[in-house]
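K.L.:
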Amino acid sequence: MAEPNPKELFNLGVKSNKAKDYIQAKKYFEKACNLNYGGGCFSLGFLYTNKDFGEKNYKKALALMTKGCELNYALGCVFLGNLYTNNGPMVKKDLRKATQYYSKACELNLGVSCSLLGFLYQNGNGVKKDLKKAFALYAKACGLKDGDGCLRLGEMQRSGEGVVKNREQAMKNFKKGCELKNKLACMGYKATIAEIMNERCQLGDEVTCVYLNNLLDLFDIDE
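Here it is, written out as structure tokens:
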């Protein structure tokens, strides 16, 4: 019988971890990591943060998680990015490092990381504020089916923040975010429809006024 490949070893480790068989999980993750499988290194590191594992060691955990990211495990990179956005038991807040890890995960096409990186650029947190870059990152995130990316893309288009105001395009992105189960994107979609209809109503379009009233009742906008 052939030896399991690195991915299979990783999957066996995940299965053992879910069953709370941490000793066996460690063996599988170690083997996968030694074969340069990033997920194995990261997951082994994560084990060292688990008090139930019995070998809690933040220094070792951070080294293994970092190795996982260096081996292109995107989820490991975004996890590290999140770690460095706050002070914690493992690291001190360092937005420069957070930016680097988010960037790598985004380059590896992890949509949520593109969205988180876009948020840093939109607000100038740890980086020079760059709305065009933020917009491009949100667009990439949305294209990678990250609902939050679609939401933020729609918000920028709806308000005209750093881009040409385009409510029709904003509605498309809000709708896509809503389809990806992002509740705020659903709200953005409904609110934009109501906003457009309200303007038409104010211009004397009575039919639109009727539809608007029905829309407000349907969407419970006031709640």
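Quick note: the sequence shown uses full-length UniProt numbering, first residue 1, plus one each step.
All C-beta atoms, glycine included, are put in the ideal place defined by N, C-alpha and C.
Which residues in the same chain as K60 place their Cβ atom closer than 6 Å to its Cβ, once the five residues preceding and following it in sequence are excluded?
P.N.:
On the sequence shown, position 60 is the one that residue 60 refers to. Same-chain partners within the cutoff: Y48.
K.L.:
Rounded to whole angstroms, how far is the Cβ of L44 from the Cβ of V91, which I believe are closer than 8 Å?
P.N.:
In the sequence shown, counting from the first residue as 1, residue 44 sits at position 44. In the sequence shown, counting from the first residue as 1, residue 91 sits at position 91. Actually they are not in contact, since the Cβ atoms of L44 and V91 sit about 18 Å apart, beyond 8 Å.
K.L.:
Are at least three pairs of beta-carbons, each pair with one atom in the segment 136-152 and one in the segment 163-171, less than 8 Å apart?
P.N.:
Touching, no, given that fewer than three Cβ pairs across the two stretches are closer than 8 Å.
K.L.:
Over what stretch of residues does the alpha helix (DSSP H) that includes F79 continue unbroken?
P.N.:
Mapped onto the sequence shown, residue 79 falls at position 79. A74 to L83 is the extent of the alpha helix (DSSP H) around F79.
K.L.:
CB-CB under 6 Å to S113, same chain, minus the five flanking residues each way: which ones, in chain order?
P.N.:
Counting from one through the sequence shown, the residue named residue 113 turns up at place 113. Answer for S113: V78, Y102, A105 and C106, listed in chain order.
K.L.:
I'd like to know whether the C-beta atoms of L151 and G188 end up nearer to each other than 9 Å.
P.N.:
Translated into the one-based positions of the sequence shown, residue 151 becomes position 151. Translated into the one-based positions of the sequence shown, residue 188 becomes position 188. Yes, these two residues count as a Cβ contact at 9 Å.
K.L.:
Entirely within the segment 120-179 and at least 3 residues each: give me those beta strand (DSSP E) ranges in chain order.
P.N.:
With a minimum length of 3 residues, no continuous beta strand (DSSP E) run stays inside the segment 120-179.
K.L.:
Using a Cβ-Cβ cutoff of less than 6 Å, which residues in the same chain neighbour Q116 once the five nearest sequence positions on both sides are dropped?
P.N.:
Mapped onto the sequence shown, residue 116 falls at position 116. Residue 116 is actually Leu in this sequence, not Gln. Around L116: Y102.
K.L.:
Compute the Euclidean distance between the alpha carbons of N86 and K93, then round it to the nearest angstrom.
P.N.:
The sequence position of residue 86 within the sequence shown is 86, counting from 1. The sequence position of residue 93 within the sequence shown is 93, counting from 1. N86 and K93: Cα-Cα distance of roughly 5 Å.
K.L.:
Three-state secondary structure (DSSP) at Y48?
P.N.:
The residue you call residue 48 lines up with position 48 of the sequence shown. Coil at Y48, not helix or strand.
K.L.:
Starting from F29, follow the alpha helix (DSSP H) in both directions and report where the run begins and ends.
P.N.:
One-based indexing of the sequence shown puts residue 29 at position 29. Run containing F29: Y22 to N34, per the alpha helix (DSSP H) assignment.
K.L.:
Can you tell me whether G68 is helix, strand or coil according to DSSP?
P.N.:
For the purposes of this step, residue 68 is identified with residue 68 of the sequence shown, where counting begins at 1. G68 falls in the helix class under three-state DSSP.
K.L.:
Residue 225 to Y121, Cα distance in whole Å?
P.N.:
There is simply no residue 225 to check, as the chain begins at 1 and stops at 223 in what is shown.
K.L.:
Where do the ends of the alpha helix (DSSP H) carrying N57 lie?
P.N.:
For the purposes of this step, residue 57 is taken as the residue at position 57 of the sequence shown. Neither: N57 is in no alpha helix (DSSP H) and is coded neither H nor E.
K.L.:
For the alpha helix (DSSP H) containing F53, list its first residue and its last residue.
P.N.:
Locating residue 53 in the sequence shown gives position 53, counting from the first residue. Taken as a continuous stretch (DSSP letters only), F53 belongs to no alpha helix (DSSP H), as it is neither H nor E.
K.L.:
Near C33, which residues of its chain fall below 6 Å by C-beta distance, leaving aside the five closest residues on each side in sequence?
P.N.:
Residue 33 sits at position 33 when you count from the first residue of the sequence shown. Once the five neighbours on either side are set aside, the close Cβ partners of C33 are G40, C41 and L44.
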